[in-house]
Structure formats: structure tokens, C-alpha cells
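Accompanying notes for the structure given below.
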Amino acid sequence: MTVRVQAEDFDSAAEVRRLNGTSTDAGAIVTFTGTVRGESHGQRLILMELEHYPGMTEAELARIEQEARSRWPLTASLIIHRYGRLLPGDNIVLVVTVSRHRQAAFAAAEFLMDYLKTRAPFWKKETLSDGTGGWVDARETDDTALERWAMPDVTAATAP
Amino acid sequence: MSSSPAVTPDRSAPGGQRIRVLYFAWVRERVGRAEEVLDVPSSVTSVADLVGWLRQRGPEYADAFERPEIVRAAIDQTHVRPAAAIAGAREVAFFPPVTGG
Chain E
187 MTVRVQAEDF DSAAEVRRLN GTSTDAGAIV TFTGTVRGES HGQRLILMEL EHYPGMTEAE
247 LARIEQEARS RWPLTASLII HRYGRLLPGD NIVLVVTVSR HRQAAFAAAE FLMDYLKTRA
307 PFWKKETLSD GTGGWVDARE TDDTALERWA MPDVTAATAP
Chain F
795 MSSSPAVTPD RSAPGGQRIR VLYFAWVRER VGRAEEVLDV PSSVTSVADL VGWLRQRGPE
855 YADAFERPEI VRAAIDQTHV RPAAAIAGAR EVAFFPPVTG G
């Protein structure tokens, strides 16, 4: 059960080997890697800057991981999220879930990504080829994805 | 002494509290700083109150909280709703809806 927040790149194959170690308990390992798309709003993406909230980011990812482990029988899990200056094609996020059976591993990985996208305190800022860009708006579809898991939205707005 | 109210005195109102306030992403850019330590009067009891109080502090705050309904908050690194009490809070953060992953 590991959470890492880092500027450096990661090697997903090496991370899976390290996570699984010499254990033979797992029948299923699901690996999801999120990468920087090279296009946004019909423009070429030049740069993506990822800001985060040091301290809360790690705490929130740990809470999300704990929630996943309370729902599915995982033998191991890993979340790595990068911050800083990223280029098209760069890795952003890695989620690995290990279980005896695939259903739990698939479901837990999807849950982790849905939760992470709506709760982990990261913000993306884009620079596009036509000189425009700016802070990326939160997607309503992410909130909709969250509703599938029947959890309260704890990130309500500040106005009553 | 001048009657100018230019400088906020470094004192808490009776029963008030000192809070570290952090800003992220475009909230940080609009406020013009990443964090500050503020002496908040005792009349400010909730996150929503704190937003209202901050908005009075200057045009940069009014700009950052122009649409308070889209600004999110955390107390001591946990997401909270606007009605959350700030009593005992060491750190309050304001930020846009998150866009990681």
C-alpha cells in the first residue's frame, strides 16, 4: 500500500515488479497509466504544469487507497502521481491494483482513478500552440463517474 | 498618529484566531500570494464566513472569490463544506475544483 507524489518520471513495469515482489498470491494485476495528451481545444499542447498541495495530496491519496482496500480484497496497491512541468506523452499518474481475481483488481483501479480525479488536490495548467491556455476546468463527467460509487461529494463549494 | 487604516494591526479580536491560509492554482494567482497568516475575528466562525471576510480585504480577494460557489476549501488538509466550523483550524486552503489524474 504505497502512495508517492513526485516530480520524477516512473517506470510502470519496474514498479509492478517491485510491488508484487516474490509473492505468488496474486492472480490479477491491473495497471493504469495516465499520460499527457498532445492536443487540447483543437490546439497542440506545448506544456502542462501540474500544481498540488503538498501534505494534503499524500493524505488524500492515502485516504482514497484506504477506501479502495475496505471495498475490495486487494493484496497490494500503488498510486504514483507526478507534479511540475510535463510534456506531451509524459506519464502523469500510475495506479496498480493486485488481487486474487480480476474483478476486484479492475474495479479497484477504476475506483481509485475516479476518486483521485475528483478529490486529490492537483491542478493542471496548459500552454497551447496558439499562445492560449490556462487552468483546466474540472469536468462534470468526473463527478458523474464518482456517483457510480455512491459516495458523498466531500468537495462541495464554499458558498452555502 | 495618522488616521489612515492602511496597515492591519497585528492583534486578534477577542476570541479570534490566527490561521494559516493557503491558495492554489488560479485562486493563488488572483490573490497574488500562495499563503499568509491571518488574525481572524471571532465573528468569523465558518468557512463561508471566512470567504465573506476575505472578500472585504481588497480587490484581489474580491476577484479570487468573485464566484465563491466554485471555490473549494480544506481545513487542516481535509476537504470541507462551506458550513464547516473553523474553530481550532490551523490551516485553511482555498482552491478551484481539482483536475489531477
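Those sequence lines, one after another, are chains E and F.
Reading the first sequence from the start, the letters are residues 187 to 346 in our numbering.
Reading the second sequence from the start, the letters are residues 795 to 895 in our numbering.
Glycine is no exception: its CB is placed at the ideal position from the N, C-alpha and C atoms.
Presumed contact (8 Å Cβ cut-off) between residue i and residue j, rounded CB distance
i	j	result
E/Ile-215	E/Val-282	7 Å
E/Trp-258	E/Ala-293	6 Å
E/Ser-285	E/Leu-247	Between E/Leu-247 and E/Ser-285 the Cβ distance is about 19 Å, and since that is not below 8 Å, they are no contact.
F/Pro-912	F/Ala-819	Since the first and last residues shown for chain F are 795 and 895, residue 912 of chain F lies out of range.
E/Pro-274	E/Arg-223	7 Å
F/Val-845	F/Phe-859	5 Å
E/Asp-300	E/Leu-264	With 8 Å as the limit, E/Asp-300 and E/Leu-264 do not qualify as a contact, their Cβ atoms being about 17 Å apart.
F/Tyr-855	F/Val-825	6 Å
E/Ala-295	E/Phe-218	5 Å
E/Phe-308	E/Ala-254	18 Å between Cβ atoms; not a contact.
E/Val-189	E/Tyr-269	Actually they are not in contact, since the Cβ atoms of E/Val-189 and E/Tyr-269 sit about 13 Å apart, beyond 8 Å.
E/Asn-206	E/Ala-262	7 Å
E/Leu-280	E/Ser-198	5 Å
F/Ala-878	F/Ile-869	6 Å
Assigned exposure category for residue i - 16 Cβ within 10 Å defines buried
i	result
E/Met-187	exposed
E/Ser-209	exposed
E/Thr-243	buried
F/Thr-802	For F/Thr-802, the predicted model reports a pLDDT of 49, less than 50, meaning its position is unreliable; a value from the coordinates is still stated below. Classification for F/Thr-802: exposed.
E/Glu-237	buried
F/Pro-853	exposed
E/Glu-194	exposed
F/Arg-822	buried
F/Val-892	buried
F/Ser-836	exposed
F/Pro-876	buried
E/Gly-228	exposed
E/Lys-327	The residue asked about is misnamed: residue 327 of chain E is Thr in this sequence, not Lys. So E/Thr-327 counts as exposed.
F/Gly-882	exposed
F/His-873	buried
Near the ligand ZN: residue i beta-carbon under 7 Å from a heavy atom
i	result
E/Ala-262	For the structure depicted, the ligand ZN is absent and the ligand set is empty, with no information on it obtainable.
When you check each C-beta in the region 268–287 of chain E against every C-beta of chain F, which residues fall closer than 8 Å?
-> Ile-278, Val-279
Residues of the region 308–341 of chain E whose Cβ lies closer than 7 Å to any Cβ of chain F, in chain order = Residues of the region 308–341 of chain E with a C-beta atom less than 7 Å from some C-beta of chain F are Phe-308, Trp-309, Lys-310, Trp-321, Val-322, Ala-324, Val-340, Thr-341, listed in chain order.
Against chain F: residues of the region 238–271 of chain E by CB proximity under 7 Å = Tyr-239, Gly-241, Met-242, Ala-245, His-267
For the region 847–878 of chain F, enumerate the residues whose C-beta is nearer than 7 Å to any C-beta of chain E, in chain order.
-> Pro-862, Glu-863, Ile-864, Val-865, Arg-866, Ala-867, Ala-868, Gln-871, His-873, Arg-875, Pro-876, Ala-877
Start-end ranges of the beta strand (DSSP E) lying completely within the region 208–279 of chain E, minimum 3 residues | 214–221, 229–238, 260–268, 270–272
Which full runs of the alpha helix (DSSP H) of 4+ residues lie inside the region 811–890 of chain F, going along the chain?
-> Counting whole runs of 4 or more residues, the region 811–890 of chain F contains the alpha helix (DSSP H) stretches 819–825, 841–849, 853–858.
Name, going along the chain, the residues of the region 824–845 of chain F whose beta-carbon falls closer than 8 Å to a beta-carbon of chain E.
-> Val-841, Ala-842, Val-845
Within 8 Å of chain F by C-beta, residues of the region 217–229 of chain E in sequence order | Gly-220
Complete beta strand (DSSP E) runs within the region 293–336 of chain E (minimum length 3 residues, chain order) | Within the region 293–336 of chain E, the beta strand (DSSP E) runs of at least 3 residues that lie entirely inside it are, in chain order, 308–314, 319–321.
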